[in-house]
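Here is the structure we will look at, set down as structure tokens.
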Amino acid sequence: MSIRVAIVGIGNCAAALVQGVEYYKNAKDDDNIPGLMHVNFGGYHIRDIEFVAAFDVNKNKIGKDLSEAIFAEPNCCARFTEVPKLGVKVLPSPILDGVAQHMKNEFHVDEEADMDPVDVASVLKETEADMLINFMPVGSYKATRHYAQICLDTGVAFVNCIPEFIASDPEWSQKFEAKKIPIAGDDIKSQIGATILHRAIVD
Numbered sequence: 507m508s509i510r511v512a513i514v515g516i517g518n519c520a521a522a523l524v525q526g527v528e529y530y531k532n533a534k535d536d537d538n539i540p541g542l543m544h545v546n547f548g549g550y551h552i553r554d555i556e557f558v559a560a561f562d563v564n565k566n567k568i569g570k571d572l573s574e575a576i577f578a579e580p581n582c583c584a585r586f587t588e589v590p591k592l593g594v595k596v597l598p599s600p601i602l603d604g605v606a607q608h609m610k611n612e613f614h615v616d617e618e619a620d621m622d623p624v625d626v627a628s629v630l631k632e633t634e635a636d637m638l639i640n641f642m643p644v645g646s647y648k649a650t651r652h653y654a655q656i657c658l659d660t661g662v663a664f665v666n667c668i669p670e671f672i673a674s675d676p677e678w679s680q681k682f683e684a685k686k687i688p689i690a691g692d693d694i695k696s697q698i699g700a701t702i703l704h705r706a707i708v709d
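Mapping of the sequence shown onto my numbering: residues 507 to 709, in sequence order.
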């Protein structure tokens, strides 16, 4: 019994997730692990997470195994465990507004016409993905909605990990509810990240 996960946006957050799944895969259900809320959630253990697809626009990551792409520039997430080859090749995806014009060089992004992006919906179906996790850069308004719609069309759950309002937008949440497709978001909270820092300041 596994949860088949696809990721769009192979940045530092994705690097932390992929490493975390490997690092904690042998944790016991009753272990008290700082920084990890649940070893077992709803009957699923961390080791039940299986990465089946990955999408990005960075030419340094495209074509690489996910285990290697998570450490490609400009990623700077700490390497805290060794991740074995996962057999998941990072595929080129549509850029849309996922990369600001002034960041294209830093993110090593070619023009979309030169990238030949894949049909994401087809990949999600072929890999039998259960969910798509959105780790694109903050501000990816059109791109986030593009992937949310793909999830609606393919019956894949959508986990929106950036502060673009999808799960908290009644119009979008009703669309997912009507099709009985899970949706979660909008944002994530790490141990020492911007979200939890802002919350602490406000409190």
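Here a beta-carbon is modelled for each residue, glycine too, at the ideal position from N, C-alpha and C.
- In terms of Cβ geometry, VAL605 and LYS570 do not form a close pair [threshold 8 Å].
- The beta carbons of ASN581 and GLY517 sit closer together than 8 Å.
- Rounded to whole angstroms, the gap between the alpha carbons of LYS591 and GLU574 is 8 Å.
- For ARG651, the uninterrupted alpha helix (DSSP H) segment begins and ends at 647-660.
- By the neighbour-count criterion, in which 16 or more other beta carbons inside 10 Å mark a residue as buried, ILE513 falls on the buried side.
- Beta-carbon to beta-carbon, ILE668 and ASP693 are separated by about 7 Å, close enough to satisfy the 8 Å threshold.
- Scanning its chain for C-beta atoms nearer than 7 Å, with the 5 sequence neighbours on each side dropped, one finds around GLU556 the residues SER508, ILE509, ARG510, VAL511, in chain order.
- With a cutoff of 8 Å on beta-carbon distance, VAL563 and ILE552 are scored as not near each other.
- If you draw a straight line from the Cα of GLY541 to the Cα of LYS534, it comes to about 15 Å.
- Between PHE641 and GLY549 the beta-carbon gap is near 25 Å, outside 8 Å, which marks them as no contact.
- Taking all protein chains shown into account, VAL644 has fewer than 16 neighbouring C-beta atoms within 10 Å of its C-beta and is therefore exposed.
- DSSP places VAL629 inside the alpha helix (DSSP H), whose first and last residues are 626-632.
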